[in-house]
Amino acid sequence: MNFNLNEEQRALKETARKFANNELKDIALEIERKDEPPSREILKRYADLGFLGVNLPKEYGGAGLSHFEAVLVLEEIAKVSIAVAFPIFESSFGPALAISSFASEELRKSILPKVCSGDMVIAVSMSEPNAGSALTDLTTTAKRLKDKIILNGQKRWCSGAGHADAYVVYSRMSEEKGAKGIGAVLLEKNSNGFTFGKPESHMGFRGVPSADMFFDNVEIPLKNIIVPAGGFKKLMEAFDLERCGNTTMSLACAQSAYDYVLIYIQERKQFGKPIIDFQAVQIQLAEMKMKLDASRLLLYRAVVNADKSLPSIAESSIAKCFANEIAREVTGKCVQLMGGYGYSTEFPIEQKMRDAWGWGIAGGSIDIQKTNISAALVGRRFNQRN
């Protein structure tokens with residue numbers, strides 16, 4: 003097994019790294035300060051560079067590359083800030099993939115080129131007040147009435163709510179209970195009867211809007227059905243790749259914090275010498291490096307084995323769970339190594355720690371990933387209701 007990048011992959015990674023460091027750092031600071039998402043001008047720059055829809059087919063405006071190349075781009079941008087990277091995450095690992103994989107040809111041609119050109123932002127809406135980890139308990143309904151779909155209900159914890167132009171809404175599309183009745187539709191922002199609650203303020207994830215979403219007899223054309231009732235398994239297969247995007251964002255938080263602290267501990271002096279000369283610091287440095295490398299290899303396994311398809315639930319859950327945990331650990335250690343500077347908002351490490359904690363909640367909590375892993379090991383799902 004060859005772990006070296008080929009020439010094209012190295013060039014892609016270096017292009018993303020240089021762009022992020024040269025053009026996004028000041029923008030990221032402003033986004034963090036104002037808690038506002040990246041501007042459409044930034045999205046246009048991403049589109050020009052081919053960073054939106056890296057792994058979407060060329061016929062829909064994507065770059066036609068693999069999931070692995072998409073990971074390489076996403077990590078370099080996310081090292082600067084998860085907020086500036088979020089449009090790339092959504093266009094390559096989020097709702098765009100569900101549309102690319104399962105929607106009708108008409109819907110693909112209508113939506114995906116706009117996403118890849120930076121003219122449309124789409125978000126996924128899954129959770130509800132009483133349906134988060136227990137997603138099959140969702141109550142939002144999308145009922146067919148002649149030539150249209152009528153959407154009613156409420157969603158919560160939608161990243162991008164109020165900012166995105168369209169939403170992939172998981173909803174109950176038949177009377178069957180549980181997963182059998184669930185499908186997904188595409189809802190455009192300005193639809194009548196579609197409103198948003200108060201914007202939320204989170205510990206981290208500044209620049210990634212979130213709010214409740216309310217649907218009151220919202221009319222949706224039939225062509226906007228992405229997956230009909232009974233398609234829940236398909237939707238979760240696409241979500242397995244979103245977990246790889248989540249993994250990449252976690253890893254980027256941890257790796258960028260580590261890179262910053264690696265320089266700091268060689269320059270910072272205490273007791274007359276650089277703190278890297280203390281054995282306790284050396285041990286922490288080595289432990290963090292081992293976990294970062296292990297996390298990256300688990301991520302690469304998941305996306306490379308998926309190739310142009312979708313990854314396995316086991317491999318994506320292992321990668322996400324491990325990255326979520328080590329990101330919290332590594333960023334926390336980096337704060338500690340920097341002492342008061344690490345805790346200060348004048349330096350980037352405290353932000354990276356706050357953002358790292360969010361990824362272990364978003365996209366399925368750490369403990370849920372562990373039940374997914376156990377289920378894959380024994381070949382059956384566990385009924386949490388009994």
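So for the sequence shown, the working numbering puts the first residue at 3; every next one is plus one.
Ideal placement from N, C-alpha and C gives every residue a C-beta, glycine not left out.
Boundaries of the beta strand (DSSP E) around Pro223: 212-223. With a contact defined as Cβ atoms closer than 8 Å, Ile228 and Leu109 qualify at about 7 Å.
DSSP links Gln156 through a beta bridge to Phe216. Relative to the Cα of Glu177, the nearest Cα in the group Lys271, Val86, Leu140, Gly360 belongs to Leu140. Contact between the stretch 229-240 and the stretch 324-342 is absent: fewer than three C-beta pairs spanning the two stretches fall below 8 Å.
With 16 or more other Cβ atoms from the protein chains shown falling within 10 Å of its own Cβ, Glu352 counts as buried. Rounded to whole angstroms, Leu31 and Glu78 show a C-alpha spacing of 16 Å.
If you draw a straight line from the Cα of Gly155 to the Cα of Arg12, it is about 46 Å long. Remark: fewer than three beta-carbon pairs, one from each stretch, lie closer than 8 Å, so the stretch 126-133 and the stretch 264-282 are not flagged as touching. With a cut-off of 8 Å on Cβ pairs, the stretch 58-71 is not in contact with the stretch 290-299, counting fewer than three such pairs. For Val283, the enclosing alpha helix (DSSP H) covers residues 281-308.
Residue state for Gln272 is assigned as strand, using DSSP reduced to three classes. Using a Cβ distance threshold of 8 Å, Lys191 and Ala213 do not count as a contacting pair. For Lys145, the uninterrupted beta strand (DSSP E) run begins and ends at 143-147, by DSSP. Leu188: member of the beta strand (DSSP E) spanning 184-190, first to last residue. The stretch 48-131 contains, as complete beta strand (DSSP E) runs of 3+ residues, the segments 124-127 (chain order). Counting other Cβ atoms within 10 Å of its Cβ, Ser346 stays below 16 and is therefore classed as exposed. Bridge pairing for Tyr172: Ala186 [DSSP]. Distance from the CA of Arg146 to the CA of Gln257, rounded to the nearest whole angstrom, comes to 47 Å. About 12 Å separates the beta carbons of Ala72 and Ala80, which is beyond the 8 Å limit, so they are not a contact pair. For Phe196, the three-state secondary structure derived from DSSP is strand. Taken atom to atom, the span from the alpha-carbon of Gly185 to that of Val126 is near 13 Å. Within 10 angstroms of the beta-carbon of Pro223 lie fewer than 16 other beta-carbons, which makes it exposed. A distance below 7 Å between beta-carbons, with the five flanking residues on each side excluded, links Val332 to the following residues of its chain, in chain order: Ala256, Ala259, Tyr260, Met290, Lys293, Leu294.
Segment contact: the stretch 260-269 against the stretch 87-103, fewer than three CB-CB distances shorter than 8 Å; contact not assigned. 8 Å or more divides the Cβ of Pro97 from the Cβ of Val187.
Taken through DSSP and simplified to helix, strand or coil, Lys150 comes out as strand. Bridge pairing for Ser161: Ser212 [DSSP].
The secondary-structure analysis by DSSP pairs Val229 across a beta bridge with Ala186. Taking C-beta separations shorter than 6 Å and ignoring five residues to either side along the sequence, the partners of Ala22 in its chain run Glu78, Ile79, Val82, following chain order. Judged by their CB atoms, Ser173 and Thr143 are nearer to each other than the 8 Å cut-off.
Look at Ala133 here: in three-state DSSP terms it is strand. Judged by their CB atoms, Ala100 and Asn248 are not nearer to each other than the 8 Å cut-off. When C-alpha distances from Ala65 are compared across Met128, Pro115, Asn226, Gly233, the shortest belongs to Pro115. Per DSSP, Glu202 lies in no alpha helix (DSSP H) segment and is marked neither H nor E.
Within its own chain, the residues whose Cβ lies closer than 8 Å to the Cβ of Ala378, once the five positions on either side in sequence are excluded, are Ser314, Ile315, Ala316, Ser319, listed in chain order.
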